[in-house]
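Protein chains in written order, with our numbering: chain A, 1 to 263; chain B, 1001 to 1263.
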């Protein structure tokens, strides 16, 4: 049996009770942190919390040499941990399909996800979001500014009066990790799209001290939101309750919110 | 302090450890189950599991007379439980804003959500979903068939090559609860939209025995997916990995999947 378990959003206590129980009853516990990781807990923290050894696999160790994971799942109970919800990346789906192809039973235990949290924390209604997008570091997409596809997604959503959730680039390599900050993202979009557009930065969703700030992109670009992870939301028109939520929870200037209030 | 806690998707073990700890340290625990409820656990189950009394509020008891909740939060630690993630409904946002207006500190502890689970369980990639919609019972929207707005959302997403997640109506009133089944939803859309369209039914997301089946809507309409909750997904074009996932996990006919494979 191969059980995929989402660790949730922030630290070792973000996992569900069902996920914790799956870890406790597993013969071996694997994890990958190249698609995302918990910013509030190290692997050592998670190991200590659950009193287990975690075998961390890098991208090659999942995608090119998955056999140690599959062999463990074929002969016993293996758990595969990921940050956030699980199965979000194709790399996990691929591993699940390889297991099924070998006749290994698979199971999914969900974790909390950034997408749901972004909506919950801001008061922006989840059914009013369109397609999400990811804003890459300039060095990652090999060009200056903001990729045209990101702007197209935002404007396509706006045309349909839908909010956009912008995931911010995470760059994990042998030299370490870099997380795009909310102010960097706001600056990129202020410079290459619309400086006066309303943006909402969500910092550390799922942590005990999330920060939520709404303002124009050029103003958000001047702020410091502290430790990662950050998300950027670009609202379309606002319903009254969304306007009130951004005023109360996100310290948004009233005059800016009035511009966005739906007629 | 007023802490909103998402109970997650299915039963008393779907909550996060952080959520469980918030319940354990609360002076009073409130809940509402009119927007959604856990299908794998009763209120009594949840009370027994956490060894607490839960004061269940109906819609009027949250929206019209929230003072008992707010008073408890003003003088001690109150927890407000909801199914799924929390703060998803405007009714929760409204309660949070009322608390903030009274100077009561608020906090959000996230739960797993149907939207993330629908993507995880099917292998359909979460960044390829457009706006979600809800399919109401015919008696609920006071008309025959499928509301035009539902079809518009599906077709608008399809034009942009985006998948659609369709939430199925939950009808809670004094006479009890009714959950629209996946086969009913498929039949409604087969009759009033496209019988030959590919659909994916997800039954009991977050439970130990979810069922995932992909086929044409008119075929799905003949199946029985068992106990609630059910969701219906309408894929746009499929990437290879999505095609493979629906073939393996959802028993989809190969010929139907080939029609949907992206060029």
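Heads up, the beta-carbon is just placed ideally off N, CA and C, and yes, glycines get one too.
Computed from a predicted model, the values in this text were never measured in an experiment.
task: Would you mind reading off the limits of the alpha helix (DSSP H) that contains residue 1093 of chain B?
output: Counting along the chain, the alpha helix (DSSP H) containing residue 1093 of chain B begins and ends at 1090-1101.
- prompt: Run through DSSP, which three-state label would residue 1084 of chain B get?
  reply: If DSSP states are grouped into helix, strand and coil, residue 1084 of chain B belongs with the strands.
field: In DSSP terms, what residue 1055 of chain B is bridged to
entry: B:1030, per the DSSP bridge assignment.
- prompt: For residue 1019 of chain B, does the three-state DSSP call read helix, strand or coil?
  reply: Helix, per DSSP.
query: Which residues, in chain order, does the segment 114-131 of chain A contribute to contact with chain B at a C-beta distance below 8 Å?
result: Residues 115, 116, 117, 119, 120, 121, 123, 125, 126, 127, 128, 129, 130 and 131.
query: Out of curiosity, what's the CA-to-CA distance linking residue 1028 of chain B and residue 1053 of chain B?
result: If you take the alpha carbons of residue 1028 of chain B and residue 1053 of chain B, they lie about 8 Å apart.
task: Can you give me the Cβ contacts of residue 123 of chain A inside the same chain, cut-off strictly under 7 Å, excluding the 5 residues immediately before and after it?
output: So the list reads 241, 242, 245, 246 and 249, once near-sequence residues are dropped.
Alpha carbon of residue 188 of chain A to alpha carbon of residue 1143 of chain B, nearest angstrom: Their Cα atoms are separated by approximately 47 Å.
task: Look at residue 1115 of chain B and residue 1099 of chain B and say whether their C-beta atoms are less than 9 Å apart.
output: No, the pair does not count as a contact, with Cβ atoms beyond the cut-off.
- request: Return the first residue and the last residue of the beta strand (DSSP E) that residue 176 of chain A is part of.
  value: According to the DSSP assignment, residue 176 of chain A belongs to the beta strand (DSSP E) that extends over 176-179.
task: From the DSSP output, in three-state form, read off residue 1121 of chain B for me.
output: Note: residue 1121 of chain B maps to helix in three-state DSSP.
- request: Could you tell me the distance, in whole angstroms, from the CA atom of residue 156 of chain A to the CA atom of residue 164 of chain A?
  value: Their Cα atoms are separated by approximately 10 Å.
query: If you check the beta carbons only, do residue 110 of chain A and residue 145 of chain A fall under 9 Å apart?
result: Residue 145 of chain A is positioned such that its CB atom lies no closer than 9 Å to that of residue 110 of chain A.
query: How about residue 8 of chain A: is its C-beta nearer than 9 Å to some C-beta of chain B?
result: With 9 Å as the cut-off, residue 8 of chain A counts as an interface residue toward chain B.
query: Assuming residue 1231 of chain B contacts residue 1166 of chain B under a Cβ cut-off of 8 Å, what Cβ separation, rounded to an integer in Å, is found between them?
result: Correct: roughly 7 Å between the Cβ atoms.
For residue 1107 of chain B, the nearest candidate out of B:1113, B:1120, B:1092 and B:1121 (CA to CA): With distances taken between Cα atoms, residue 1107 of chain B lies closest to B:1092.
field: Given 8 Å, three or more beta-carbon pairs between the segment 1047-1062 of chain B and the segment 1021-1037 of chain B
entry: Yes, they touch.
field: Contact set between the segment 79-91 of chain A and chain B, restricted to residues whose Cβ is under 7 Å from the partner
entry: Within the segment 79-91 of chain A, those residues whose Cβ lies closer than 7 Å to any Cβ of chain B are, in chain order, 85, 86, 87, 88 and 90.
field: Where the alpha helix (DSSP H) containing residue 264 of chain A begins and where it ends
entry: The structure shown has nothing for residue 264 of chain A, since chain A only spans 1 to 263.
query: What residues in the segment 90-113 of chain A bring their beta carbon closer than 7 Å to a beta carbon of chain E?
result: Given the protein chain composition of this structure (A and B), no chain E is represented.
- request: Tell me, please, whether the CB atom of residue 1142 of chain B is closer than 9 Å to any CB atom in chain A?
  value: With its beta carbon at least 9 Å from every one in chain A, residue 1142 of chain B lies outside the interface.
For residue 1246 of chain B, the first and last residue of its enclosing alpha helix (DSSP H): According to the DSSP assignment, residue 1246 of chain B belongs to the alpha helix (DSSP H) that extends over 1240-1249.
task: Locate the alpha helix (DSSP H) running through residue 75 of chain A, then write down its first and last residues.
output: Counting along the chain, the alpha helix (DSSP H) containing residue 75 of chain A begins and ends at 67-75.
- request: Report the partner residues of residue 1211 of chain B according to the DSSP bridge assignment.
  value: Per DSSP, the beta bridge partners of residue 1211 of chain B are B:1203.
Residues, ordered as in the chain, of the segment 1030-1058 of chain B that lie near chain A by beta-carbon distance below 7 Å: Within the segment 1030-1058 of chain B, no residue has a Cβ that lies closer than 7 Å to any Cβ of chain A.
message: By the DSSP assignment, the alpha helix (DSSP H) with residue 139 of chain A in it spans what residues?
response: It spans 138-141 - the alpha helix (DSSP H) in which residue 139 of chain A sits, taken as one unbroken run.
task: Would you kindly check if the distance between the Cβ of residue 69 of chain A and the Cβ of residue 95 of chain A is under 9 Å?
output: Cβ atoms of residue 95 of chain A and residue 69 of chain A: closer than 9 Å.
query: With DSSP run on the structure shown, which of helix, strand or coil describes residue 1161 of chain B?
result: DSSP places residue 1161 of chain B in coil when its eight states are reduced to three.
message: For residue 1006 of chain B, report the span of its beta strand (DSSP E) as first-last.
response: Membership of residue 1006 of chain B in the beta strand (DSSP E) is indicated by the continuous run 1002-1006.
query: Tell me the DSSP bridge mates of residue 172 of chain A?
result: Beta-bridge analysis with DSSP links residue 172 of chain A to A:177.
task: Could you work out which residues of chain A lie near residue 1206 of chain B, taking near to mean beta carbons separated by less than 7 Å?
output: Listed along the chain, the chain A residues whose CB falls inside 7 Å of the CB of residue 1206 of chain B are 110.
9 Å Cβ cutoff, residue 136 of chain A in contact with chain B: No, because no Cβ of chain B sits closer than 9 Å to the Cβ of residue 136 of chain A.
task: Could you check how far apart the C-beta atoms of residue 1013 of chain B and residue 1050 of chain B are, in whole angstroms? I think they sit under 8 Å.
output: Rounded to whole angstroms, the Cβ separation of residue 1013 of chain B and residue 1050 of chain B is 11 Å, and the two are not in contact under 8 Å.
message: Out of A:225, A:120 and A:180, which one is the CA nearest neighbour of residue 134 of chain A?
response: Closest option to residue 134 of chain A, Cα to Cα, is A:180.
query: Which two residues bound the contiguous beta strand (DSSP E) that contains residue 108 of chain A?
result: 106-109 is the extent of the beta strand (DSSP E) around residue 108 of chain A.
query: What whole-angstrom Cβ distance do residue 1237 of chain B and residue 1214 of chain B have, given they're in contact under 8 Å?
result: About 14 Å separates the two Cβ atoms, so there is no contact after all.
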